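First the structure, in the form of structure tokens, and then the observations on it.
Chains as they are written, first to last, in the UniProt record's numbering: chain A, 1 to 320; chain B, 1 to 320; chain C, 1 to 320; chain D, 1 to 320; chain E, 1 to 320; chain F, 1 to 320.
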């Protein structure tokens, strides 16, 4: 049995070297990146059994994605392979920024194979057998079909007693706040554990006020057991069955900020699935997010000992 | 005034190092590649004024294409910029082969911005002012809209006295022989100078027999002034106003075979526009194609002196 | 259930770029390489479920090995992790040659963690449940302990009805022909399917004569069901239950010859496990070996369709 | 008609990776760099038509320069090609520093082809037709011939009503303050728009005091319409027809500081040629300089939207 | 005559690019690194004649080490070549950290050839002829044999009037504080010039208190002429014949901190051998250490002028 | 005492990756290359003590040259350092060819520091103490000063009983056959051992006929003890005191042909200095030349065992 099942889109991430712009690039580094697989990788590397499913073209590009995820130990048996010749693999181009030049993401994900993933193609039994089932707000943003599949899977999971976890993950380039809000509101009724960036809660769901009141409000309105609100440099806060936990940020020299939020969720779920309390899970979430920042790529290439050291704060810079 | 105008799709070409497969790649080399821009670059580098137009997304990826073409001297002022957020830049992934592993191309070009290029967006005056207007059989294969635009542009050109040039360039992964044949037949009436691989003539147009009879047949049936038939390692042959010219192949150590056919056309047009005879143009075509094989990328990075040396056969291996 | 279980040492392979010598190298490419894991990867990629086990240091280097094997789908759950601080990861340095400079391998594998792998640490049930259990003559060459473990595992497998497969794989730098011969002779009694290079059979086992008589002799003397003798460019030959099958070599442009023999075995076992005849298995063996030569690294990055195409001989050089 | 014409030397810039010293380098990155072409590129990229002329060897190295400049859209038709076999291409080697190790530039530009550029070889009509003609104090430092050519071109421009723009750009490694002062004083009479680093004004022209008094003094003494004084981290100041404008610095994470001053001038001229006021031009100058710092190379790979965002201060770090 | 002789182990240092972890690395940069050869290189580059000896395998890997050291001018004639087939070259893998991820060193140096270096194999005359003989506390930690050889060489040196210099260099991964303390105490009687990190003095030798009292205590207890105590960011202090010298730290943007301590010793010895006072030697030590931090690799790629500039504090960031 | 002293120019060699042209290059590989230092390196690596002297700028570029030569063991103590700010380091750009595109060398060596090397700056005693003193026909081609210095050094050597060795090495891009002939004729009187490519003997010295008669003619006319004539793929021939030796070519997969002739001379001298006969020296010359072809760069990265294997013809492709 797999402790965690996640689903969503994973793209090829193509990025030129630091200091170089996309429009003059001659070489692109290739990696796999997607919110839900990032979460699965972090949880797997931290010791949990995790699976990820999606729909990929049966092409070198699709196999490239699966190969990288498997290398970290993620179970990809649930992947649906699209073998029509024009099945697409989503791609995103990433230009690393430096103030005042923002890090820029150019998506090329329209009509990716995953947008046609129907509920009937998914292995709902695997979802029902898992302890936690996770996806993010990116998934229902990708197509009408995925919107329905997302709703179906989360419902099936919750019905079977699987904890449903969701990260709002609002993306401006995918849809408007109003479109997102309508979908989020429908889905939130099926969610047991919600991760929400303070900004997303405000922009999309119109939730202003301090983090605690936002968390409490969401928990009450949608009957969500645990709501985690992240506040960037100011740390994070969880309201779980009415109780509040707070967590600061571990400082990091940021090498690559992409995937930090997913590492946060992955760290949280890893500790949670290991029996950790909400406070402990938040601590692992924060430490994993911080650690992720030091590594190139979407993925938190992390081991349990790494996080234990961050939490225990035992660094002296060089280990030899 | 520009001597040559070409139009069609130019893609980003992404390729892993030799000996590495796409599905395990960690780095991809980036270049611009497209039959018609390859032709324009070769002609420009060989001394002619050439322009290329197309429709590109107004994004770093689209600008990447234009920057590379301009670096070779091609005039890109006619490019139409698509500024809708979801305008796509076509991409192709190239895995260099080694026998028995074939070189493999994975297209990701569906719905590229160029597929929406309408006649009204193009600068027909530039086409009418040119001496030669060129496109290839790939262009009308890309969309219904492009099929019409291709027909319109070639007709406008021919009506204005511009020589219309066309390379069949049949691509299995884009359409069936039957679909291609129908479109080709319509277009051939507007063509003055046709380039056809012997295999394409057979597969698509059902033209069997020796190269000369194929050329003569096409010239007569469609009233084409000059038909050039290429026969791979066996050289090429032209029938022009009934007269036959033949040309052998210059041997090459092949480093990258992609773009060889486009270099052939570019070399032909460069010499033709310089007042060369059909035989001389064929010779430059063959030499440019051979030279291209020694250079990485779609593009023939060539100078007039390079071709003069090949034709004069003055190589001794090292020049110092 | 896993169709194939292999075991042995997998090293980090460190190699400078082509044309550069180890003693002036500034950058080394890293890959995982080992005869038995190479076999497991080839079989997995060609569609069979395969596992590999060994003993690795619980360090970034050991995890590097497992990550790469898992990326190809190999089950590594049976790996024993050595967590003592001085557990070693074997390494080999590879300098690509060009005649008259030979490809040179510098081993640094003494006292690697795998040399301490005892039978009691292995999962014999997994071996007993498999259809085929494979190792090579390198494994017992590495330590006295491994010699015993190899014998124990092969015996346990054969007793349980698992087909035991073995490749002589004699390595001059590891032991003398006499040392090897003694060990081989003991092990051969437990073998059902033997792969032997003609040269190894002569050098180590003193088997001269033509390939068929070598194969028949080994089959009879050690009561081996199937003996496959490989003869380099001259192809291969199998004697199975007295019947002879012969197979030529598929020509290849060799990019990297390391791992060719392992790809041969992997291709054979993949077809065999899929119900192929000896002749069909030999054909897949030969095609996989040929294909491997075109790819950098020890590992045959191959898919079933690739081999089907080689066997069907449908290449035209470029697929687009 | 071209809005801006610049002229001067452009070198190949060869630099090892960060953290590596020139004297142990094994790989050098190649780019084109020169104050005046840097200005032309920045202005072109920001939307103005700009040309650059110089004298280059008719060799792969000279063509390398032109190719890179053309890729950004700069018109290089005015380049004079030196086809004598020993015509030199200037080169500079750049070692990126890190405190306390300074960034080090090793020039190898003596006797470059450009040092023989005579007035009679230049296209003075293009200069006369332009709105602005720009060069920097590096140009007359390179040779006696260039000193005369610089004077001739600036005079011809001013006589034709073209605005003449000049950046002092004093370089210790090229000449002494006294030599520079003599030449500057002659040239300043032909200048309408002067850019001067506060330090250069002091070192070379003996202008001490605060920036405003320096600017006013230069404006009055040489009858210069607009004098812009840059003060490093303290911002910049312009005196134009007696009126003063001040501009602060936009903070930047500096990736490569080379070319910052040229980006400043390019940004200024781009806005000025678009009808901007002195204050607006200074703001674009400052924003372009800041943006340049985030990009590897001499050249500001910038688009109008980038600068609009810096000026509007709308960064949130990641755009996705 | 050589001014300085050092001896000890030099390893191959293999490190992935910044931001990448060892366990996902695909390319490793290769360099030579070892405390004593780092010291020899720094001293040689700063103008002194220096030699280094050790025992290396007669293999491409051993020759790789010698080649790199020779490139900096170090005399390696005293190297003993081990030509048995299984002689090992020590290696260390270096993962560059970023807070909170520590820089991680994975040693693979057990049983390296150097561990068998006996006194009889060394050229004691070269040691006796030198002005200074240096090794560090790493050398006796590597094997019992090296412990004896270290003692023998230092004694022979001191007996001949050669100044013996020693850096405690305690390494947790090599031995326990107690083991180290016993060996250090024996060796310190033969030492004339001791370098000790404050932390090592405390951890291993139990010397607490301020740096001056630590230095005085060590000098008195072991009759050491000069004791230098380094205190990280707080600078360094020397007690020499009872007199105290203090030195601050030159601030640096750290690119690679490995080898900083060795650069400190190398800078000290270079100035000392040039007749510098203790205070001047400390200043050069500090400046060389600071400069080293800006360069990738174990080795201080430094020239005398570089250190003169740091000491004179004449940096303005760019020299052109 | 040094067995061999060579002198001449060594340049930085800058070359783009294979398949890429200089005029589109983004990265250049850096190496040291020069006929005489190539000879010194080959001889040193093959076991002889060799020195090289020249005049280099006291800059990172000059030190880059010396560092690389020293890494191979060449004694560079005789190098004269030019410390005037404008002392130049010669450079050559190398574009690897592939038929029909020739390998192209672009020299940028005019006015290099070495062109000012006067006899008075050289250490003639070192030359007189050597067994062999070597330079090539490139050296006197570089400047009038070098012409005199070359004559002086060779004369001083011969007078002292040092064997003088010379390779015609005619370079079209440096001077005309007539200019070269005049200088060669003067120098040949001071030569004891001459290496001449058959083509150079014909082109410059007008020596036609078969190789033996060319060799005999040169030996007699200039009273040269040994004349070696190389004939490309047809091998080489020596006439020494009237006796003829012939040597074939060892076949090689050519990776980089530059430096092959220098490796030939280096191999010859290494064997000659080891007491080899003319025939044995020719054999080593031929084997070293062949081996060089397999290695990137001007330099033969070779060890004595490598050549012994080539001569003994013991290759089987992979050594493991």
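Virtual Cβ for every residue (Gly too), placed ideally from N, Cα, C. From a predicted model like this one, the values you see are computed outputs, not experimental measurements.
Going by DSSP, residue 303 of chain F is part of no beta strand (DSSP E) at all; its letter is neither H nor E. Neighbours of residue 96 of chain D across chain B, judged by C-beta separation under 7 Å, do not exist; the nearest C-beta is about 22 Å away. Proximity to residue 265 of chain E across E:72, E:193, E:98, E:178 peaks at E:193, based on C-alpha coordinates. Sequence-ordered contacts of the stretch 66-88 of chain F with chain E read 67, 68, 70, 71, 72, 73 [C-beta pairs closer than 8 Å]. Contact between residue 29 of chain D and residue 27 of chain F holds: their C-beta atoms lie close to 6 Å from each other, under 8 Å.
Counting only runs of 4+ residues, the alpha helix (DSSP H) found wholly inside the stretch 253-290 of chain B occupies 260-273, in chain order. In the three-state DSSP reduction, residue 247 of chain C falls in the strand class (E or B). For residue 167 of chain A, the enclosing beta strand (DSSP E) starts and ends at 163-167. The beta carbon of residue 63 of chain A sits closer than 9 Å to some beta carbon of chain C. Apart from the 5 residues on each side of it in sequence, residue 301 of chain A sits with its Cβ closer than 6 Å to the Cβ of 295 in its chain, given in chain order. For the pair residue 225 of chain F and residue 58 of chain E, the Cα-to-Cα distance works out to about 38 Å. According to DSSP, residue 101 of chain C shares a beta bridge with C:98. Within chain F, 25, 26, 27, 28 have C-beta atoms less than 7 Å from the C-beta of residue 30 of chain D, given in sequence order. Identification of chain C residues near residue 60 of chain E by a Cβ-Cβ cut-off of 8 Å yields 21, 22, 23, 93, 95, 104, 106, ordered along the chain.
For the stretch 228-257 of chain F, residues whose beta-carbon sits nearer than 9 Å to a beta-carbon of chain C comprise 250, 251, 252, 253, 254, 255, 256. As a beta-bridge residue in DSSP terms, residue 238 of chain A pairs with A:228, A:245. Residue state for residue 185 of chain A is assigned as helix, using DSSP reduced to three classes. Burial check for residue 318 of chain B: the Cβ neighbour count within 10 Å stays below 16, so the residue is exposed.
Spatial neighbours of residue 23 of chain B in its own chain (CB-CB distance under 6 Å, excluding positions within 5 residues in sequence) are not present. Per DSSP, the unbroken alpha helix (DSSP H) holding residue 45 of chain F starts and ends at 35-45.
Beta bridge pairing from DSSP links residue 88 of chain F with F:112. Sequence-distant partners of residue 73 of chain C (beyond 5 residues in either direction) whose C-beta falls short of 6 Å from its own C-beta, in its chain, are 44. Beta-bridge analysis with DSSP links residue 125 of chain F to no other residue.
Residues of the stretch 201-215 of chain A with a C-beta atom less than 7 Å from some C-beta of chain B do not occur. Residues 14, 22, 106 of the same chain have their beta carbon placed closer than 6 Å to that of residue 93 of chain B, with the five preceding and five following residues left out of the count. In chain order, 132, 134, 193 place their CB closer than 6 Å to the CB of residue 165 of chain A, counting only its own chain and leaving out the 5 sequence neighbours on each side. Counting other Cβ atoms within 10 Å of its Cβ, residue 286 of chain C reaches 16 or more and is therefore classed as buried. For the stretch 278-296 of chain F, residues whose beta-carbon sits nearer than 7 Å to a beta-carbon of chain C comprise 290, 291, 294, 295, 296.
One Cα belongs to residue 126 of chain B, the other to residue 299 of chain B, and the distance between them is close to 24 Å. Shown here, residue 117 of chain F sits in coil according to DSSP, grouped into three states, outside any helix or strand.
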